[in-house]
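Going by UniProt numbering, the first residue of the sequence shown is number 1, and it counts up by one from there. Glycine included, each C-beta is placed from N, C-alpha and C at the ideal position. All values reported here derive from a predicted model rather than from experimental measurement. Everything on this sheet refers to the single structure shown next.
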Amino acid sequence: MPSHTCIVCKLKLTFVKQKNLAVSFHAFPRYPYTKQAWIEFCGTDTGVVCSKHFSDDCFIAGREENYKRRRLFGWAVPTIRLPVKINGTSILSENSPEEISSSSLSETIQPEISESVDSKETTHLSADNIILTHSATISQLKAQVQEHKSKLEDTNKKLHEMERAIFERDCVIEDLRKTLGDVTRNSNSETLHVDFIDDIKIEENEFQSS
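Below, the structure written as structure tokens:
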């Protein structure tokens with residue numbers, strides 16, 4: 001049975017359902033280039049990633065689409081890394097969902113910096129996380145390029161097949177025209193032959209009658 005815990009932030013599906021959060025979970029893609037980008041970001045090649053780690057343009061119908069029907073583009077790669085702790089609450093802890101307040105989870109999923117919070121307490125991505133994010137972005141772009149390249153190859157293949165079909169059709173039409181020409185010439189030749197015979201018979205009849 002597949003896991004229903006986000007491998008990045010450890011958010012559980014049971015907690016999402018309990019709090020009725022608009023969060024979807026997405027399994028690793030099969031497309032090699034995209035999957036490699038996921039692996040670089042997540043550090044593993046199995047599991048699921050929640051929708052909070054993807055930018056808005058990764059979703060086919062946008063993030064506002066019903067989360068139960070929410071789908072990712074084939075090139076979509078997670079690039080948003082959430083902080084491990086918010087206000088001292090770790091989302092990596094083994095605490096039950098009841099022990100984590102909905103407000104702290106909301107801050108974890110959608111962190112907002114309050115003006116009253118001291119700048120020293122503001123959570124920043126580490127240098128390693130920034131590098132990983134940039135690496136994932138590059139991998140995402142590579143995946144997009146590869147996807148477009150594959151589509152172009154498919155289009156060129158279909159175009160070649162269409163050109164071949166048109167060529168074969170033209171050959172058939174040319175053969176039919178040639179056959180029609182031969183039939184027409186043969187028909188005309190037979191008509192002339194019949195007319196010639198009729199003329200001879202007429203002349204014979206006239207000669208005999210005279």
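Is residue i buried or exposed, if buried means 16 or more other CB atoms sit within 10 Å of its CB?
| i | result |
| --- | --- |
| residue 70 | buried |
| residue 82 | buried |
| residue 143 | buried |
| residue 180 | exposed |
| residue 171 | exposed |
| residue 21 | buried |
Going by the CB atoms, is the gap between residue j and residue i shorter than 8 Å?
| i | j | result |
| --- | --- | --- |
| residue 74 | residue 29 | yes |
| residue 76 | residue 54 | yes |
| residue 34 | residue 79 | no |
| residue 51 | residue 23 | yes |
| residue 12 | residue 4 | yes |
| residue 212 | residue 48 | For the chain, the structure presents residues 1 to 210; residue 212 sits outside this window and is missing. |
| residue 140 | residue 37 | yes |
How long is the line joining the alpha carbons of residue i and residue j, rounded to whole angstroms?
| i | j | result |
| --- | --- | --- |
| residue 177 | residue 72 | 54 Å |
| residue 148 | residue 60 | 16 Å |
| residue 187 | residue 164 | 34 Å |
| residue 45 | residue 157 | 33 Å |
| residue 169 | residue 155 | 21 Å |
| residue 146 | residue 39 | 17 Å |
| residue 6 | residue 68 | 16 Å |
| residue 175 | residue 64 | 59 Å |
| residue 18 | residue 152 | 45 Å |
Which first and last residues belong to the beta strand (DSSP E) in which residue i is found?
| i | result |
| --- | --- |
| residue 49 | 48 to 50 |
| residue 27 | 25 to 27 |
Starting from residue i and walking both ways along the alpha helix (DSSP H), at which residues does that stretch end?
| i | result |
| --- | --- |
| residue 15 | 13 to 19 |
| residue 37 | 32 to 42 |
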